[in-house]
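Asker:
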Amino acid sequence: YPFLDVAVRAEGEDAFRTILLRNIESRDFSGIPAVTWRDGNNIIRNTVESHKPKDLDMYPSPYLEGLFAEIMQDGRFSEMQATIETNRGCPFPCAFCAWGNDGLSRKYRFHGLERVRLEIEWAAKNKVRYLFNADSNFGMHKRDEDIAQILVDTKTRYGYPEKFRTCFGKNADDRIYEIAKKLHDADMEKGITLALQSNTPAVLTNIRRQNIKMETYRALQRKFNEAGVPVYSELILGMPGETLQTWKDGIETLLMAGLQNQLFVYFCQILPNT
Numbered sequence: 073y074p075f076l077d078v079a080v081r082a083e084g085e086d087a088f089r090t091i092l093l094r095n096i097e098s099r100d101f102s103g104i105p106a107v108t109w110r111d112g113n114n115i116i117r118n119t120v121e122s123h124k125p126k127d128l129d130m131y132p133s134p135y136l137e138g139l140f141a142e143i144m145q146d147g148r149f150s151e152m153q154a155t156i157e158t159n160r161g162c163p164f165p166c167a168f169c170a171w172g173n174d175g176l177s178r179k180y181r182f183h184g185l186e187r188v189r190l191e192i193e194w195a196a197k198n199k200v201r202y203l204f205n206a207d208s209n210f211g212m213h214k215r216d217e218d219i220a221q222i223l224v225d226t227k228t229r230y231g232y233p234e235k236f237r238t239c240f241g242k243n244a245d246d247r248i249y250e251i252a253k254k255l256h257d258a259d260m261e262k263g264i265t266l267a268l269q270s271n272t273p274a275v276l277t278n279i280r281r282q283n284i285k286m287e288t289y290r291a292l293q294r295k296f297n298e299a300g301v302p303v304y305s306e307l308i309l310g311m312p313g314e315t316l317q318t319w320k321d322g323i324e325t326l327l328m329a330g331l332q333n334q335l336f337v338y339f340c341q342i343l344p345n346t
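All residue numbers for the sequence shown refer to my numbering, where the first residue is 73 and numbers rise by one.
1. Between the segment 109-118 and the segment 158-173, can you find at least three pairs of beta-carbon atoms closer than 8 Å?
2. Between which two residues does the alpha helix (DSSP H) containing W109 stretch?
3. Here's a check: name, in chain order, each residue in its chain whose Cβ is nearer than 8 Å to the Cβ of R181, leaving out the five neighbours to either side.
4. Please report the distance separating the alpha-carbon of V275 from that of A267.
5. By alpha-carbon positions, which one of V188, K214 and R215 ends up nearest to L203?
6. With distance defined between alpha-carbon atoms, name the residue in K199, A258 and E298 nearest to E151.
7. Please specify which runs of the alpha helix (DSSP H), each continuous and at least 4 residues long, are wholly inside the segment 148-203, giving them in chain order.
8. Which residue from R247, A196 and F101 puts its Cα closest to that of N209?
9. Kindly provide the ranges of any beta strand (DSSP E) runs that are 3 or more residues long and lie completely inside the segment 200-282, ordered along the chain.
10. With DSSP as the reference, identify every bridge partner of Y304, one or two as the case may be.
11. Could you check which residue in E314, V78, I251 and R229 has the C-alpha nearest to that of N118?
12. Buried or exposed: D86, going by 16 or more other Cβ atoms within 10 Å of its Cβ?
13. Measuring alpha carbon to alpha carbon, tell me which residue in E142, E121, D216 and S133 is nearest S177.
14. What do you reckon, are the CB atoms on F240 and T272 nearer than 8 Å?
15. Let's test the definition: count the other Cβ atoms within 10 Å of the Cβ of Q334 and tell me whether it reaches 16, buried, or not, exposed.
16. Is it buried or exposed, G231, if we count other Cβ atoms within 10 angstroms and call 16 or more buried?
17. Who are the near neighbours of G310 in its chain, counting only those whose CB is closer than 7 Å to its CB and skipping five residues on each side?
18. Taking G211 as the reference, which of P233, E250, L185 and I222 has the closest Cα?
19. So, using beta-carbon positions, are A206 and L255 closer together than 8 Å?
20. Can you list, in chain order, the residues of its chain with a C-beta nearer than 8 Å to that of G84? Leave out the 5 residues immediately preceding and following it.
21. F88 to E314, Cα distance in whole Å?
22. Alpha carbon to alpha carbon, how far is A329 from P302?
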């Protein structure tokens, strides 16, 4: 694509800052780690890969640094939604996803709990109604229980944020149930994910994914149903190895397991440059 000048093959914070500074005086982006750039008709790939800091708190929070203060004060946005991030990384190598694929970000790195608490409190004080969490597998870590409690305590104190949406852990377990129940009791959850993507063994092998056992899925689905917690599941249509019959069988298996709320079907797409 000739209209693309620079691409970053990694997390963007450090590279983007360096690109902007370099661009003040030059269009030569050589030496910037994990950057591929266009020099006339030539495509140059800087082979040095980027360093991923273990401590994510080295990146300043735009909320806590006051970058949104002006628009929050003058009333331009009466109903806000915000995105937070408590960690980065995903240990799963699912082929349809770039989150943990090919070892780019398989290891978890974390923001400090105090920073997370302050960002949630910022959202509450600014009456942010909808808070989205950009983590890959919320509920996989013990500290996620503490974050859920911070969310509930903050809503109890301020009345905000009203709702919290996150991508729950793929291997759902009792911890995820307890977190989901806590959020549900505070009227904060926006549905709990029990995502499978496919129920066909050959497909799961092809996409390098291991689902939770169906017995475990049924047990969790039953617990959520009994507690009145809405559950949705996800399937991806068109993955390698799936047939019309296995697709229909997979949907039937989900429904028979007790799914009562929502089933999301996503189309498998091969995107340019992926």
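Ideal placement from N, C-alpha and C gives every residue a C-beta, glycine not left out. Remember, it's a predicted structure, so these values are computed and weren't measured experimentally.
Answerer: Reading off the structure:
1. no
2. Looking at the DSSP string, W109 is not in any alpha helix (DSSP H); the run it does join, the beta strand (DSSP E), is V107 to D111.
3. K124, P125, K126, D127, L128, N159, R160 and G161
4. 15 Å
5. V188
6. K199
7. 185-197
8. R247
9. 200-205 and 235-237
10. T265 and Q334
11. V78
12. buried
13. E121
14. no
15. exposed
16. exposed
17. F339 and C340
18. E250
19. no
20. none
21. 40 Å
22. 14 Å
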